[in-house]
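Asks: Got a structure here, written out as structure tokens. Questions coming.
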Amino acid sequence: MNTDRREFLRETCKLCASIVGISLVASSLEGCAPLNYYSTTLSNGELKVPISSFVPDSNMVIIKDKSLEYQVAVVKQKDNTFKAFELKCTHQDNSLIATKSSFVCGLHGSTFDLSGKVITTPASKNLKEFPVTLSNDLITVKYN
Ligand code: FES
335 MNTDRREFLR ETCKLCASIV GISLVASSLE GCAPLNYYST TLSNGELKVP ISSFVPDSNM
395 VIIKDKSLEY QVAVVKQKDN TFKAFELKCT HQDNSLIATK SSFVCGLHGS TFDLSGKVIT
455 TPASKNLKEF PVTLSNDLIT VKYN
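Under our numbering, the first residue of the sequence shown carries the number 335, and numbering increases by one thereafter.
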């Protein structure tokens, strides 16, 4: 093998590695995109979230309340209704990580879609869903 061919192969491999690396970083950044959090306090068994807490291009608000064992995600559905889920894995109760497109369990890899349904096992049950009402631009989650 002459030097020119070796150099060509080396440069081609570098280019391929760069393309693969950029693709991996781009796909992982979607999952790391900043999420929208809203601090509130559980009162009379309810969590209240103003619709204005949903920023443009975001379909989810994560409720922060120190009294809750697990965070609660309020998700705007495709039909413009809202659903609220406890971010607790139904496999072995690990806290879930919210991304823009799913809820992920870091313990054994279960994933759930934004309607609370299991996508990836070992979890077999969908996420716990709380009743939600909407009135005067205020979302009320019945936490039970
Ligand atoms: S605790 Fe979540 S997959 Fe096992």
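Each residue gets a CB set at the ideal place from its N, CA and C atoms; glycine is no exception.
What did DSSP end up calling Ser392 once you bin it into helix, strand or coil?
Replies: As a position in the sequence shown, residue 392 is number 58, starting the count at 1. Three-state result, Ser392: coil.
Asks: Give me, in chain order, the residues of the same chain whose beta-carbon lies closer than 6 angstroms to that of Thr474; leave out the 5 immediate sequence neighbours on both sides.
Replies: Locating residue 474 in the sequence shown gives position 140, where the first residue counts as 1. Only Glu380, Lys382, Thr467 meet the Cβ criterion.
Asks: Can you tell which of Ser377, Val408, Met394, Leu441 has the C-alpha that lies nearest to the C-alpha of Glu463?
Replies: Locating residue 463 in the sequence shown gives position 129, where the first residue counts as 1. Ranking the options by Cα distance to Glu463, first place goes to Val408.
Asks: For a test of the three-state rule: what should DSSP assign to Ser429, helix, strand or coil?
Replies: As a working note, residue 429 is residue 95 in the sequence shown. Here Ser429 sits in strand by DSSP.
Asks: Sorted by chain position, which residues of the same chain lie with C-beta nearer than 6 angstroms to Thr424's C-beta, five sequence neighbours on each side aside?
Replies: By 1-based counting over the sequence shown, the position of residue 424 is 90. So the qualifying residues of the chain are Ala457, Lys459.
Asks: Is any heavy atom of ligand 1 found at a distance shorter than 7 angstroms from the C-beta of Ser436?
Replies: Counting from one through the sequence shown, the residue named residue 436 turns up at place 102. Outside the cutoff, so no.
Asks: Let me check understanding here. Comparing Cα to Cα, which of Ser435, Lys434, Thr415, Thr454 lies closest to Gly443?
Replies: Start at 1 with the first residue of the sequence shown, and residue 443 comes out as number 109. Among Ser435, Lys434, Thr415, Thr454, the Cα nearest to that of Gly443 is on Thr454.
Asks: Which of the three DSSP states is assigned to Ser435 in this structure?
Replies: Residue mapping note: residue 435 aligns to position 101 of the sequence shown, counting from 1. Reduced to three states, the DSSP call for Ser435 is coil.
Asks: Can you give me the start and stop residues for the beta strand (DSSP E) that Ala418 sits inside?
Replies: On the sequence shown, residue 418 is found 84 positions in, with the first residue counted as 1. Unbroken beta strand (DSSP E) run through Ala418: 416-420.
Asks: Could you tell me how far apart the beta carbons of Thr374 and Ile397 are, in whole angstroms, since I believe they sit closer than 8 angstroms?
Replies: The count along the sequence shown starts at 1 and reaches residue 374 at position 40. The count along the sequence shown starts at 1 and reaches residue 397 at position 63. The Cβ separation is near 6 angstroms, so the contact holds.
Asks: Hey, Leu376 and Ala432 are a contact pair by Cβ (cut 8 angstroms); roughly how many whole angstroms apart?
Replies: The residue labelled residue 376 in the question sits at position 42 within the sequence shown. The residue labelled residue 432 in the question sits at position 98 within the sequence shown. Not a contact, Cβ separation roughly 19 angstroms.
Asks: Cα-Cα, which of Val438, Tyr371, Tyr372 is closest to Asp427?
Replies: Counted from its first residue, the sequence shown places residue 427 at position 93. Nearest of Val438, Tyr371, Tyr372 to Asp427, Cα basis: Val438.
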